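Q: Dropping the structure in here first, questions after.
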Amino acid sequence: MIPSLNVIFPKNLNEALSLLSDNSDSSKIIAGGTDIIPGLNQELNRFKEIKNLIDVNQIPELKGIIRSKEKISIGAAETFSDILQNDTVRELFPLLWKAASGVGSVQIRNRATIAGNFVNNAPCADSVPALLIYNATLEIESLSSKKEISLNEFLSAPYRTKLNRDEIVTKINIPFADKNFTGEFFKLGRRRAVAISRITLALLVDWRDSVINEIRIASGAVTPIGARFFELEKYCSGKKADDQFKKDLSRKLAEQIIKVTGLRWSSEYKLPVVQQVCYQMLKNIESQHEYGI
Amino acid sequence: MSEEFSVVGKKIIREDGVEKVTGRAKFADDYKFPGMLHAVMVRINEAHAKINEIDFSALENEPAVSIVSASDVHGSKKVGMIKNDQPVFCSEKVVTPGDVVAMLVGESESKLRSLLPEIKIDYTPLPVLTDPEKSLNKNSVLIHPETGSNLIVHHPLRKGDVEKGFEESDEILEQTYKTQLIEHAYIEPEAVVAIPLGFSEGIKIIGSIQNPFTARKFVANVLNYPLAKVRVQQAHLGGSFGGKDDTMCILSARAAVAAIKTNRPVKIKYTREESVLESYKRHPYILKYKVGYNLNGKIKAMKIDILADGGAYASMSPFVTWRSVVQASGPYEIENVQTDVRAVYTNNPYTGAMRGFGSPQPIFAQESLMDEIASRLGISPDEIRRINGFKNGSVTATGQILKDHDVNLKKVLDVACGNTDFITKWKSNRDQKIFSLKYDPSNPILKDNQFIDPPENIRKGIGLAVSFRGCSLGAEGIDAASAYLSVQNDGSIYLDCGLAENGQGLRTTYSIIAAEVLGVSAEKIIYLELDTGITPESGPTVASRATLMGGSAVKNAAEILRDRLINLIKEEFKLGGEDVISFRDDLVFSRKKGLITKFTDLCKLAASRGINLSAIGWYKSPKVDWNEENGQGDAYFTYVYGCQIAEVSVNVSTGEVYIDKVTAVHDPGKVINKLGAEGQVYGGVTQGAGYGIFEEVTADNGFIRELNFDTYTIPTSMDIGEIKPVFVEGKENYGPWGAKSLGEPTLELTAAAIANAVSNAVGRRFYSLPLNLEEIILNKKLRPAGTKRGSSL
Amino acid sequence: MKMKVEFKLNGANVSVFAEPNRRLIDLLREEFELTGTKEGCGVGECGACTVLMNGRAVNSCLVLAVQAAGNEITTIEGIANGDLINPLQKNFLEFGAVQCGFCTPGMVLSASALLDKNPDPTEDEIKEAVAGNLCRCTGYKQIIEAVKETARLSRKN
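Going line by line, the protein sequences match chains A, B and C. Converting from the first sequence to the working numbering requires adding 1 to each position, the first position being numbered 1. Converting from the second sequence to the working numbering requires adding 3 to each position, the first position being numbered 1. Converting from the third sequence to the working numbering requires adding 207 to each position, the first position being numbered 1.
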């Protein structure tokens, strides 16, 4: 049973921010509600203190997908279905498109918003590795401030972020890459649809004459929260992309995961699988690159 | 003999279809009554504990809330399908976390739920027994001390001399198999309303009830009422698969007790979490097989030891394991068989009837074993089954001679192999390069030669499984059914049968049968709602017996009426006694004179002549017999045969199994309801596939981890490729036109066929269901500590 | 405190007062007695409670009643636009896509939302459209065929 609470429908951003600043301790933003509503219904501890839900679905400032010269800006309250219908996302950010397409079911994607996915910050949030790998940044506003920080910095711990209680994420900005990236997004669940991710991996590679110019690696569900592997990425640049490199990189990824996550009940399965998948993704990306796909 | 059918075997639209596609069909939770109260359950969050005191004093200021507990039960305090070991409300101890100690009854369900934390229960935790292999240890805690042992049942079977058989064998193979606990996962959670009808009439129950007559018996026992004072009406049932039997009987009884106490209608409606927590499930089995065979492929002896985890209550365990003892050595002629099947109590969720009913577990074991023997002998899977498989006149492990029907085992095997090009595919997959992916648990970092290059990570496999299955209840008990058929003056027809619709479409099948006999279109038949107050009792809708038993009763009723009409025609139209009258297309024909009259006109005539056009049809099964001591006898009066072939793609680097295709060849006897029969295959195979590759309820100290559909994953529309049903309609002396059973055979084979297909793909065998990600990669299951799962790492 | 909620329900403008903690599914079933919308899981996994919100399939157990304000909601009772059944529902019957029927309303609505925006779906698109609607009886095959046939017939006309 959902405990009794208020739901408020602000008509614009300023109204929403005022509401938040007045009752920040007991208020929470609701957009798609696909995490909050079942969470409230099951009386999860995470949602215990909520007295006011601030519904942001009618706030025009949080809507729209705008393409500018150097980036795409996605309104925080855009649903995954909206994102899937956007041509720019499909063509220029295919990993994000693929990640979005694997979120829940059609019914979930019709409600769930992109910001809700990473603000909730479950370890298995599918959009997170895809956004991390494209260096997404977030515009965050409160009544008194306005800032832009990287998603990587924003995510702090499972189900925790750096969002203050009086703040709202308004936009997600994703810069167009200045590199010639080829990439893949991989999701593994226990079944083919509507599955909680067991492993997600996102890879972007820019090769020049079989030498790695730049590589980006992000994961989900194998680390406590979705994460980039910057150290590993640095190690890769300038390396000759032969099979040995691909195997070494895959092993190093597993070592990094152990370092960040430690050994868990699932490690015996996940670690070898991550290495295989990383290696195979690199092989697939290479062949796409060769054929100029 | 080839019969011409007008309705049987044709595509006929479900009689309740329009109600269901428009959302008008009323399921249990859709019923509301003036003054209706709600009841919520009070539970102790323990798997095994002695109850000292339940303190409801915090509710003293809530006059609108009634407390219902064991002291309100005036009849049987304990109930059960076979043994009365399950309290309606626990008062002495709880033996599993789903147990209910009391109910709160009041107007607002949310208000009642909010009061639950106020109830203080003083209890003493008892040792928790979760390992069935420890159940029979001398020092193990007793779940039901009054029984003196944790043994629920032991079924022995002795045929020939296994030790002699092993001595005469060229080779011996021993393997242990394990199968998992699974949930029925009907999409409709349990709901029931009890309505008090006043002192003289008793009580009425409307609910998502699989077997209204069983529910009636439970309610009557618990209220201490005569059966006739309990009327159970079945609401549209949102799936059951064997699962809405005892659970619903007990919920009906609880609602009834509350309704009598408050003198108001009382509804119980479960959330999904409560449903998974409390309802019974499919038994996990541990199956030890020892088999002796000769180099020519002939099996000489089989020794089987099966342990079933019955969980906290006996439920249907004695019957579920009885089917296992009859069928555990498979559809094979084996001279020497020794089988022992035991079911034991633990503090785990309790287990009972589920579609398949004690057959999917041994089929997984025995069909895995047959493939392993074949591979040791260097012969193909179909060949080993041809060498040993049943044929007409074969003797089963229980000593029964298979006769009076086509023993079509080899035929279904041939048709399945022919349909799939089995041998060619099986051989070419077998000869693939094998990866020996033995990961070192102490060092998770891969070696150079362990990386797999795409697309070699995707391996194709094909595998088969065959089975025989006893139809209906067999020696479990009395097996009879009846039907009521009433033709109206205008030729429209009422039909009813005591076997309850479970969603599979039996009412449509019965309408088809009646329509065929009377030569009318199926839409003419109006099917009445099952109500124990008016419908004749017919035993439960279980054991794939509805078409065979209820169908025979319907046919009998229709034939009674048809014969009355024939007599009338012969008299009225002065036809000779030797003339043959037939009913077709709403018309009546004489062989000699052709068209005689319209069916509607005939009915009008019959009414005007005072002919009784209502009849009760009856069918009682032929005799079966069983010797409890040695497991010998004619266990079932007839059998069906099936062969399924699974084709899979296995990702050997992630452990994902995708089912490309399942070819399901079944001999159900005559197919009556074509759409329904195909639907049984699609649905049964899909459930079987879920059992094979990912469904599993796991528990930590008796507490279930997967309480909802986010973590208990059943197949979605995207999880299975093609399913191809093929029917081989063998001849059969019993059943309407020889129609037998299909619902359960479709499910029981799939997991076994998939396991054999996966082995064909990866060159390794698997001994534990489900073949989930971890099983494929590591040949074992991994479990998180505690009950957290889902997105946790 | 109850809030006034005005929205369009099966083509008609409606106005009710609802508690903010009430879910849309409860409002539909209890207030409007539209019991064709079913609850199977309460967490958005089974799709039995699917309704259309502005033409899109959503789980009504994951929408608050007050969030329906200003939107257009269609339930199974409103899908045939006043007729007894529409062509999609007819094909569900013709193809044997219904067994117990508990998932059927949600399934019909999901398929209907697909066909509205994609009159010529591939088999994979159909499977994806109904992947959020669990069915334990049918194995989905006859459902997929029914949707396919509906698309084929509507293209022909």
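By construction, the Cβ of each residue, glycine as well, lies at the ideal position given by its N, Cα and C atoms. Quick caveat: nothing in here was measured; it's all calculated off a predicted structure.
Do the region 333 to 343 of chain B and the region 129 to 144 of chain B meet, that is, are 3 or more Cβ pairs less than 8 Å apart?
A: With fewer than three CB-CB distances shorter than 8 Å, the region 333 to 343 of chain B does not count as touching the region 129 to 144 of chain B.
Q: Could you please give the first and the last residue of the uninterrupted beta strand (DSSP E) stretch that includes Glu174 of chain B?
A: Glu174 to Lys181
Q: What are the start and end residues of each continuous alpha helix (DSSP H) run of 4 or more residues lying completely inside the region 228 to 306 of chain C, in chain order?
A: 294 to 301
Q: Classify Gln491 of chain B as helix, strand or coil using the three-state DSSP reduction.
A: In this structure, Gln491 of chain B counts as coil in the three-state DSSP scheme.
Q: Quick check: the region 661 to 668 of chain B against the region 638 to 653 of chain B, are at least 3 beta-carbon pairs closer than 8 Å?
A: yes
Q: Going along chain C in order, which residues have a C-beta closer than 9 Å to the C-beta of Pro61 of chain A?
A: Within chain C, no residue comes near Pro61 of chain A; the closest Cβ sits about 14 Å away, beyond 9 Å.
Q: List the DSSP bridge partners of Ile208 of chain B.
A: B:Ala197 and B:Val235
Q: From what residue to what residue does the beta strand (DSSP E) around Thr666 of chain B run?
A: Val660 to Asp670
Q: Can you pull the DSSP bridge partners for Tyr497 of chain B?
A: Answer is B:Ser489 and B:Ile529.
Q: If the cut is a Cβ gap below 9 Å, which residues of chain A does Pro787 of chain B touch?
A: Arg265, Trp266 and Ser267
Q: Closest Cβ-Cβ distance between Lys334 of chain C and chain B: below 8 Å?
A: yes
Q: How is Cys125 of chain A classed by DSSP in three states: helix, strand or coil?
A: When DSSP states are grouped into helix, strand and coil, Cys125 of chain A belongs to the coil group.
Q: Does Asp33 of chain B have its Cβ less than 8 Å from a Cβ in chain C?
A: yes
Q: Along the chain, where does the alpha helix (DSSP H) that runs through Val354 of chain C open and close?
A: Lys348 to Lys363
Q: Determine whether the Cβ of Ala338 of chain C lies closer than 8 Å to any Cβ atom of chain A.
A: yes
Q: What residues are listed by DSSP as bridge partners for Gly464 of chain B?
A: B:Val651
Q: Would a C-beta distance cut-off of 8 Å place Met314 of chain C and Cys344 of chain C closer than the cut-off?
A: no
Q: With H, G and I counted as helix, E and B as strand and the rest as coil, what does DSSP make of Gln674 of chain B?
A: Correcting the residue type first, residue 674 of chain B is Val in the shown sequence and not Gln. Val674 of chain B: coil per DSSP, three-state reduction.
Q: Would you give the residue range spanned by the alpha helix (DSSP H) that Thr262 of chain A belongs to?
A: Asp244 to Thr262
Q: State buried or exposed for His77 of chain B, treating a residue as buried only when at least 16 other CB atoms are found within 10 Å of its CB.
A: With fewer than 16 other beta carbons inside 10 angstroms of its own, His77 of chain B counts as exposed.
Q: What does Leu6 of chain A reach in chain F if we use C-beta pairs closer than 9 Å?
A: No chain F is part of this structure, whose protein chains are labelled A, B and C.
Q: For the beta strand (DSSP E) holding Arg587 of chain B, just list the boundary residues, first then last.
A: Ile584 to Arg587
Q: List the residues of chain A whose Cβ lies closer than 7 Å to the Cβ of Ser365 of chain C, in chain order.
A: There is simply no residue 365 of chain C to check, as chain C begins at 208 and stops at 364 in what is shown.
Q: With 16 as the cutoff for other CB atoms within 10 Å, does Asp456 of chain B come out buried or exposed?
A: With a 10 Å radius around the Cβ and a threshold of 16 neighbouring Cβ atoms, Asp456 of chain B comes out exposed.
Q: Name the one or two DSSP bridge partners that Leu160 of chain B has.
A: B:Thr342
Q: Just checking, does the region 22 to 39 of chain B make contact with the region 305 to 314 of chain C on the three C-beta pairs under 8 Å criterion?
A: yes
Q: From which residue to which residue does the alpha helix (DSSP H) around Trp98 of chain A run?
A: Pro95 to Ser102
Q: At the 8 Å Cβ level, is Gly243 of chain C part of the contact set with chain B, yes or no?
A: Yes - at least one Cβ of chain B is within 8 Å of the one on Gly243 of chain C.
Q: In whole angstroms, what is the alpha-carbon distance linking Gly76 of chain A and Glu332 of chain C?
A: 27 Å
Q: Along chain A, in chain order, which residues have C-beta atoms closer than 7 Å to that of Leu269 of chain C?
A: Gly34, Thr35, Ile38, Pro39 and Arg112
Q: Do Leu502 of chain B and Ile528 of chain B have their beta-carbon atoms positioned less than 8 Å apart in this structure?
A: no
Q: For Asn815 of chain B, which option in B:Ser431, B:Asp451, B:Glu777 and B:Tyr34 has the closest C-alpha, if you only look at C-alpha atoms?
A: Given that chain B is displayed from residue 4 to residue 796, the structure contains no residue 815 of chain B and the question cannot be resolved.
Q: Measuring only between beta-carbons, confirm whether Gly389 of chain B sits less than 8 Å from chain C.
A: A small correction: the amino acid at residue 389 of chain B is Arg; Gly does not occupy that position in the sequence shown. No - not a single Cβ of chain C is within 8 Å of the one on Arg389 of chain B.
Q: Do you know how far the Cα of Leu241 of chain C is from the Cα of Glu284 of chain C?
A: Within the model, the alpha-carbon separation for Glu284 of chain C versus Leu241 of chain C is close to 7 Å.
Q: Kindly indicate if chain A contains any beta-carbon less than 8 Å away from that of Asn266 of chain C.
A: yes
Q: Count the other CB atoms, across all protein chains shown, that sit within 10 Å of the CB of Thr511 of chain B; report buried if there are 16 or more and exposed otherwise.
A: Burial call: buried.
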